[in-house]
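Asks: Before I ask anything, let me first share the structure, which is written out below as C-alpha cells.
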Amino acid sequence: MGDYNLDKMLAELQNLMGDKLELSEDAFFNWIHISPDQLLVLMDKLKNEYGFNYLANLTAVDYGEYFEIVYHLYSIPANNKTGVKTRVSRNQAQVDSVCLIWPTADWQEREVYDLMGIDFKGHPNLVRVLLPDDFTGHPLRKDFEMER
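Residues 170 to 317 in our numbering are what the sequence shown spells out, letter by letter.
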C-alpha cells in the first residue's frame, strides 16, 4: 500500500470498472471521472488498496444542467495525488457520503450541502454549517435568486 506506480493504478482501475470510469489529466492532476453509483467502490479502493490516505478538499461546481463533485486526494506515503470527479443531475443532486472513508469529509460535505444543496447520502449529520437554519435556498447555485 502506498508504493505503486500511478499509471499502473489508473490502468488497473480502468480495467476493473470499465465504462463506469474515465480518465483525464491536466497540468495539476490525473483525474478519475466516475459514475455516482460507483463512487464508494472507487474511493474505498483508492484509500485502502492504493494508499490515498488524505482527502484534502471536496467541493462542487454548478454547470447549470448538472453538478460536478470534485475530490482532491493525496497519498502521503507515496508522495502522490489524484483527483476524482462525479456528476449528478440538478434534479437529483445526491451522492454517497465519503465520511466513513475519510472523516475529513464531514464538514466539507456539510459546506457543499449548505451552499449548493447537494445531498450526501449516509452523512451522519447533514445540516447547515455556515448559513442560519432558517435560510432558504443554496446561494452558490447558479439559479439562486437574491431577495432585494
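Glycine included, C-beta positions come from ideal geometry on N, C-alpha and C.
For the alpha helix (DSSP H) that N217 lies in, which residues bound it at each end?
Replies: 208 to 217
Asks: Is the region 187 to 202 close to the region 217 to 234, with three or more CB pairs under 8 angstroms?
Replies: Contact between the region 187 to 202 and the region 217 to 234 is absent, because fewer than three Cβ pairs lie under 8 angstroms.
Asks: Would M315 be called buried (16 or more neighbouring beta carbons within 10 Å of its own) or exposed?
Replies: exposed
Asks: Inspect the beta-carbon positions of M212 and I270 and report whether they are closer than 8 angstroms.
Replies: yes
Asks: Which partner residues of A202 appear in the DSSP bridge assignment?
Replies: Reading the sequence as shown, one finds His at residue 202 and not Ala. E191, K254, per the DSSP bridge assignment.
Asks: Does the Cβ of T255 have 16 or more other Cβ atoms within 10 Å, making it buried, or fewer, making it exposed?
Replies: buried
Asks: Can you name the start and end residues of the beta strand (DSSP E) that Q277 belongs to?
Replies: Counting along the chain, Q277 falls outside any beta strand (DSSP E), though it belongs to the alpha helix (DSSP H) covering 274 to 285.
Asks: Opposite Y240 in the DSSP bridges: which residues?
Replies: L227, V253
Asks: In its own chain, which residues sit with a C-beta less than 8 angstroms from the C-beta of V239, not counting the 5 before and 5 after it?
Replies: So the list reads N226, L227, T228, A229, V230, G252, V253, K254, once near-sequence residues are dropped.
Asks: For a test of the three-state rule: what should DSSP assign to Q263, helix, strand or coil?
Replies: If DSSP states are grouped into helix, strand and coil, Q263 belongs with the strands.
Asks: Can you grab the Cα-Cα spacing for the pair E234 / S258, in whole Å?
Replies: 7 angstroms
Asks: Any beta-carbon of chain B closer than 8 angstroms to the one on N222?
Replies: Protein chains in the displayed structure number just one, and chain B is not present.
Asks: Check the DSSP bridge columns for Y232 and list the partner residues they point to.
Replies: Note: Y232 sits in no beta bridge, so no partner.
Asks: For G220 and A247, which I take to be in contact (beta-carbon distance under 8 angstroms), what is that distance rounded to the nearest angstrom?
Replies: 6 angstroms
Asks: Can you tell me whether K302 is helix, strand or coil according to DSSP?
Replies: Lys is not the amino acid found at residue 302; the sequence shown has Asp there. In the structure shown, D302 sits in coil (DSSP, three-state: anything other than H, G, I, E or B).
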